[in-house]
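A.B. asks:
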Amino acid sequence: MKKIFTIAMISVLIGAESCKKDSDFLNVPPKSVVTTDVVFSDPALVLSVLGDLYNRVLDFSSLDAGWTTFADFGESFPSDNGFYNIVQNRSWGYGTWGTWDYGYVRDLNLFIENVTASTKLLAADKSRFLAEGRFLRASYYFEMVKRMGGVPLITQSLSYDNSGNVSSLQFPRAKESDIYDFVISEAEAIKGLLPSDPTEKSRATKAAALAMEARAALYAGSIAKYGASTPQVSLSGGEVGIPSGMATGYYTKALAAAKEIINGSAGSYKLYQVLPNLSDNFAAIFLDKSSVNQESIWVEDFKALAGKVHSFTTNDQPYSVSDEASDAGRLDPSLNLVQSFEKLDNTFAPIATKDGSGNPIYYADQQDPFAGRDARLAGTVMLPHYFWKTAYIDIWGGYLLSNGNIISSDDATHYAALPGTTTPIQVVGKDGPTPTGEPLRTQTGFYVRKYLDPATGSGRRGRQSDVNFIRYRYAEVLLNAAEAAAELGDFATASTYMNQVRSRAGLTTPIVLNASNYFDRVVHERRAELSFEGHVLFDMKRWRIATKVWDGNPQSLADLTSNIGSATKRNTQPWGLYPYKYYSPGSPNDGKWVFREVLPSPVTGVLTFKLGNYYSQISDAIISANPKIKRQPNQ
Amino acid sequence: MKIKFHHIAMFILMLSAAGCKLDNVKPPSIKLTGQLMYKGSPIGVEYNQVPFQLYQTGYKGNTPITGTFDQDGAYSVLTFSGNYKFTIQPGQGPFQWKELPSGGRDTINIALTGDQTVNIEVTPYYMVRNAQIVAANGKINANFSIEKIITDATAKNIQTVSLFVNKTQFVSPSDNAAKVDLDGGAITDLSNLSLSVNIPSFPVTQNYVYARVGIRIAGVEDMIFSPVVKVSY
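Sequences listed follow chains L and A, in order.
If you read the first sequence in the working numbering, its first letter stands for residue 1, the second for the next number, and so on.
If you read the second sequence in the working numbering, its first letter stands for residue 636, the second for the next number, and so on.
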């Protein structure tokens, strides 16, 4: 009886099991894949998708894309054997700086479509996510138009119908002005949907959208205005080049967008003015992540000991105070940049190394030649004998004897005896510059200070640094406003905005802009304020002066030290300034410092910007795949 | 089994036999050479700065072979036989290239079956003529004339005329040890021009330099040069 019961039970169970529908049996939801509708029903999951999209934002210079993205353009020397090609190149390939990541555009479009279609998200979450997706998409189109000119404007996800005919997926290039218009109109459309919160730095805010709009409109305006000077750089369909009649409209938009930030309608942003030492204050803009920093608007944030770090400090820290024995000193600012910082009376002058009659000047202190200049000099560049972390950096090229000979060596630990003595002593700075051009030490006499992290251990490869990369900041908004106002002929407003930035740097004598000086002043001010922030190439491109600044002619010393305030001053080879200790016992100048301008020996190339470099090449593979794409001009 | 000498020999023979298999692609072997010319005179340009494109029709995709002209306007390409189209992109070179009425750039058809020389005939804006470059009294002196070739509505002015001197055969704005410029506005007589520059000193003394004269044309990126000459002194 018991047996029969068991058998009956089993057959019932088996029978019940077989009643399951075939389709149910085969349709098992996967446990390793989260489906689209699940993701877009939970704000936390949407945020993680968005986080990936934020991580893929393209920057020209980026702290986690390597120190070389900050190098080049005559502003610095690469002190690394493997990267001397930066100063040995004679032409940039036409494809350099290009970007064509329509995979990213598709992901952004899909994100926007999925958020729009979602029914389970709260209305507030949904509108913010949507606005952020559109911000990132506009931001990438801005990045593309800066580099490529007009590109196909794809604002929805495309899919292939397997018909063998791809012509429905082939789009021609939009006009360059259309892409700028798209960026501007998107920013206008989403600014009200984004939070006005100055403490929100790494996600899009109203101020970030407006800052992007101001910069984009300014770029478009200057391409329209200055593009007239290079008529060859245009395509008949407007894919490259903007008609000069549109300049005023763009400048007006740029000024309006910048003013919206300045008047506080996007939250209270202001210049960072916290530390009493103006140079330290300037350097701290990039280091201070607290809510005190109301200058930074949109940043790429990093976090130490949490996986999001970069090696900028490891690569560029001073050699003598390095946390890693063979990782240091790669990015050395050039004398070209150092001497461009004004004196406090608003005039330009080279760093004085000789007096009026051609005799060397003897300085008692290594920092004396740089005294009385724009505070941003010492905030951007580490000058000789600067105190970094635990010690003074040690930059000097050797002993200069009274007969003009130099006693030096290839390393600070390789001693030599001075004439008349027998005891070998250190004859070159621990940080270089050595006569043999030892890498990883400075070879220009300077190190970079901007972004360099003073935190303990920030130079170690294991820990690395978590200094932010600031994409938009208030000082640039002010300079954008100043430039737009000046281009519109309102020099009083332009001067007011520019003087705010200048007085923060210790240049308290107000400058008066007028029709004849404003262009040089705008170009100079952006270089002084925004060097190593990824602006120089795009600024020179939009003003159409890149072919003059990088004109393929070698830069002689006379060339270097003349016309310093001129916007079109040549900048084709990075020079250095080497300090030497004067050795002449009994002379009043014994032990003082003499400076000499030196072109580092690896600098054999001459920067040459050709007309074909104004817009990066669209590769032949892309044109083969889509014959509707027009080639760039002059390539 | 004992390994004998003939086993090893057989093994090596088999290995080398396997190596005799045909490669599936032959290396390119046909040489196309030529020079930029204007009515029989070569056109000098800056080394590695003026690119050209060579398209081969009949293949999927449309990727050209690209190269650049040498200082004396010469080019050479090692490739396969076939039908090619040679062109120079807009904005390149100190000369005009024929435009088609439809708006595109003209191409030169080249049917390659064996080594071939195809000179590229172009119309330069200017030509440096009768350049005489000599050394005298510690200076390099150049006497030359300039012929204006294009005189119609597309004509362009001279921006500068320069004499370049270098210690090696590469003589150009970016490779020179000494140069002297003459502003285009200061030129009065195109048929009789002279430029003079001091002979530069070199770390290793040599008793010769290389020199040539170049014209920078307003609104044109590439300069046009006279042939490089070796000047001994």
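We treat Cβ as the ideally placed atom computed from N, Cα and C, and that holds for glycine.
1. Do you know offhand how far L:Asn81's Cα is from L:Gln88's?
2. Quick one: using the 10 Å Cβ neighbour count with 16 as the cut-off for buried, is A:Val855 buried or exposed?
3. Does the separation of the CB atoms of L:Pro318 and L:Thr442 fall below 9 Å?
4. Pull up the CB-CB distance for L:Tyr578 and L:Gly420, whole angstroms please, since I reckon it's below 8 Å.
5. Counting only C-beta atoms, is A:Pro838 closer than 9 Å to chain L at any point?
6. When you compare only the Cα positions, how much space is there between L:Asn403 and L:Leu611?
7. Do the CB positions of L:Glu300 and L:Arg471 come within less than 9 Å of each other?
8. Grouping DSSP H, G and I as helix and E and B as strand, with all else coil, what is L:Asn277?
9. Considering only C-alpha positions, which residue in the set L:Ser159, L:Ala138 and L:Asp161 is nearest to L:Arg151?
10. With DSSP collapsed to three states, give me the class of L:Asn109.
11. With a threshold of 9 Å between beta carbons, is A:Glu782 in contact with chain L?
12. To the nearest angstrom, how far is it from the Cα of A:Pro759 to the Cα of A:Pro729?
13. Check distances from the C-beta atoms of the segment 87-119 of chain L to those of chain A and list, in chain order, the residues that come in under 8 Å.
14. Please list, in chain order, the chain L residues whose beta carbon lies closer than 8 Å to that of A:Glu756.
15. So with CB distances below 7 Å, who are the chain L contacts of A:Ser809?
16. Which class does L:Ala306 belong to by DSSP, given the choice of helix, strand or coil?
17. Leaving out five residues on either side along the sequence, give the residues of the same chain with a beta carbon under 6 Å from the beta carbon of L:Ala484.
18. Answer with buried or exposed for L:Ala482, where buried requires no fewer than 16 other C-beta atoms within 10 angstroms of its C-beta.
19. Quick one: grab the DSSP three-state call for A:Tyr719.
20. Going along chain A in order, which residues have a C-beta closer than 8 Å to the C-beta of L:Leu611?
21. Is DSSP giving A:Ile784 helix, strand or coil here?
22. Is the number of C-beta pairs between the segment 119-138 of chain L and the segment 180-198 of chain L that are closer than 8 Å three or more?
23. Does the beta carbon of L:Arg631 come closer than 9 Å to any beta carbon on chain A?
24. Taking Cβ-Cβ distances shorter than 8 Å, what residues in chain A pair up with L:Asn634?
25. Quick one: which unbroken beta strand (DSSP E) runs of 3-plus residues sit fully inside the segment 659-699 of chain A? Chain order, please.
26. With DSSP collapsed to three states, give me the class of A:Asn778.
27. Which value, in whole angstroms, describes the spacing of the CA atoms of A:Leu735 and L:Lys630?
28. If the criterion is Cβ atoms closer than 9 Å, does the pair L:Arg147 and L:Asp327 meet it?
29. With 9 Å as the threshold, decide whether the Cβ of L:Ala621 is near any Cβ in chain A.
30. How would you list, in chain order, the residues of chain L whose beta-carbon sits under 8 Å from the beta-carbon of A:Thr698?
31. Rounded to the nearest angstrom, what separates A:Ile665 and A:Leu689 at their Cα positions?
32. Tell me which same chain residues have a C-beta within less than 7 Å of the C-beta of A:Gln804, skipping the five on either side of it?
33. Answer yes if the segment 113-126 of chain L comes into contact with the segment 158-172 of chain L, meaning at least three C-beta pairs across the two stretches below 8 Å, and no otherwise.
34. Can you tell which of L:Pro424, L:Lys120 and L:Ser340 has its C-alpha closest to the C-alpha of L:Ser41?
35. Listing by chain order, which chain A residues have their CB less than 9 Å from the CB of L:Gln232?
36. If we call anything under 9 Å between Cβ atoms a contact, is A:Asp816 one with A:Val796?
C.D. replies: Looking at the atomic coordinates:
1. By one-based count along the first sequence, residue 81 of chain L stands at place 81. By one-based count along the first sequence, residue 88 of chain L stands at place 88. Each residue's alpha carbon lies about 12 Å from the other.
2. Residue numbering aside, residue 855 of chain A sits at position 220 when the second sequence is read from its first letter. It is buried - the Cβ of A:Val855 has at least 16 other Cβ atoms within 10 Å.
3. As a working note, residue 318 of chain L is residue 318 in the first sequence. As a working note, residue 442 of chain L is residue 442 in the first sequence. Taking 9 Å as the cut-off, the beta carbon of L:Pro318 is found closer than this to the beta carbon of L:Thr442.
4. Position 578 of the first sequence holds residue 578 of chain L. Position 420 of the first sequence holds residue 420 of chain L. The pair is not a contact, with the Cβ atoms about 24 Å apart (cut-off 8 Å).
5. Mapped onto the second sequence, residue 838 of chain A falls at position 203. Chain L places no beta carbon closer than 9 Å to that of A:Pro838, leaving this residue out of the contacts.
6. For this step, residue 403 of chain L is matched to residue 403 along the first sequence. For this step, residue 611 of chain L is matched to residue 611 along the first sequence. Between the alpha carbons of L:Asn403 and L:Leu611 lies a gap of roughly 49 Å.
7. Residue 300 of chain L sits at position 300 when you count from the first residue of the first sequence. Residue 471 of chain L sits at position 471 when you count from the first residue of the first sequence. With a cutoff of 9 Å on beta-carbon distance, L:Glu300 and L:Arg471 are scored as near each other.
8. Locating residue 277 of chain L in the first sequence gives position 277, where the first residue counts as 1. Coil.
9. Position 151 of the first sequence, counting from 1, holds the residue named residue 151 of chain L. A quick correction: the sequence has Val, not Arg, at residue 151 of chain L. Among L:Ser159, L:Ala138 and L:Asp161, the Cα nearest to that of L:Val151 belongs to L:Ala138.
10. The residue labelled residue 109 of chain L in the question sits at position 109 within the first sequence. Helix at L:Asn109.
11. What you label residue 782 of chain A is simply residue 147 of the second sequence in a count that begins at 1. Taking 9 Å as the threshold, the shortest C-beta distance from A:Glu782 to chain L does not fall below it.
12. Numbered from 1 along the second sequence, position 124 holds the residue referred to as residue 759 of chain A. Numbered from 1 along the second sequence, position 94 holds the residue referred to as residue 729 of chain A. Using only the alpha carbons, I get a separation of about 6 Å.
13. Answer set for the segment 87-119 of chain L: Arg90 and Ser91.
14. Position 121 of the second sequence, counted from the first residue, corresponds to residue 756 of chain A. For A:Glu756, there are no neighbours in chain L by C-beta distance under 8 Å, as the nearest C-beta there is about 22 Å away.
15. For the purposes of this step, residue 809 of chain A is taken as the residue at position 174 of the second sequence. Under the 7 Å cutoff, chain L gives Arg90, Gly552, Asn553, Pro554, Val606 and Thr608.
16. One-based indexing of the first sequence puts residue 306 of chain L at position 306. Correct three-state label for L:Ala306: coil.
17. Translated into positions along the first sequence, residue 484 of chain L becomes position 484. If we look at L:Ala484 and ignore the five residues flanking it on each side, its Cβ neighbours are Leu218, Tyr251, Ala254 and Leu255.
18. For the purposes of this step, residue 482 of chain L is identified with residue 482 of the first sequence, where counting begins at 1. Label assigned to L:Ala482: buried.
19. Against the second sequence, residue 719 of chain A aligns to sequence position 84. DSSP places A:Tyr719 in strand when its eight states are reduced to three.
20. The count along the first sequence starts at 1 and reaches residue 611 of chain L at position 611. Within chain A, the residues placing a beta-carbon under 8 Å from that of L:Leu611 are Gly726 and Glu856, ordered along the chain.
21. Position 149 of the second sequence holds residue 784 of chain A. Note: A:Ile784 maps to coil in three-state DSSP.
22. They touch, by the three-pair rule.
23. Here residue 631 of chain L refers to the residue found at position 631 of the first sequence. Between L:Arg631 and chain A, the shortest Cβ-Cβ separation is below 9 Å.
24. Translated into positions along the first sequence, residue 634 of chain L becomes position 634. For L:Asn634, the chain A residues whose C-beta falls within less than 8 Å of its own C-beta are Gln724, Pro725, Gly726, Gln727 and Glu856, listed in chain order.
25. Along the segment 659-699 of chain A, the beta strand (DSSP E) occurs as fully enclosed runs of 3 or more residues at 665-673 and 686-691, listed in sequence order.
26. Locating residue 778 of chain A in the second sequence gives position 143, counting from the first residue. Reduced to three states, the DSSP call for A:Asn778 is strand.
27. Residue 735 of chain A sits at position 100 when you count from the first residue of the second sequence. Residue 630 of chain L sits at position 630 when you count from the first residue of the first sequence. One C-alpha to the other measures close to 17 Å.
28. To locate residue 147 of chain L, count along the first sequence from 1; it is residue 147. To locate residue 327 of chain L, count along the first sequence from 1; it is residue 327. No, they are not a contact pair.
29. As a first step, residue 621 of chain L must be located in the first sequence, where it is residue number 621. Yes, because at least one Cβ of chain A sits closer than 9 Å to the Cβ of L:Ala621.
30. The count along the second sequence starts at 1 and reaches residue 698 of chain A at position 63. Here the neighbours are Asp620, Ala621 and Ser624.
31. Here the question's residue 665 of chain A lines up with position 30 in the second sequence. Here the question's residue 689 of chain A lines up with position 54 in the second sequence. When rounded, the distance between both Cα atoms is 14 Å.
32. Here residue 804 of chain A refers to the residue found at position 169 of the second sequence. The answer, listed in chain order, is Tyr845 and Val863.
33. By the criterion of at least three beta-carbon pairs nearer than 8 Å, the segment 158-172 of chain L is not in contact with the segment 113-126 of chain L.
34. Position 41 of the first sequence holds residue 41 of chain L. Comparing Cα positions, the closest option is L:Lys120.
35. Locating residue 232 of chain L in the first sequence gives position 232, counting from the first residue. Simply Pro725, Gly726, Gly854, Val855 and Glu856.
36. Counting from one through the second sequence, the residue named residue 816 of chain A turns up at place 181. Counting from one through the second sequence, the residue named residue 796 of chain A turns up at place 161. Contact: yes.
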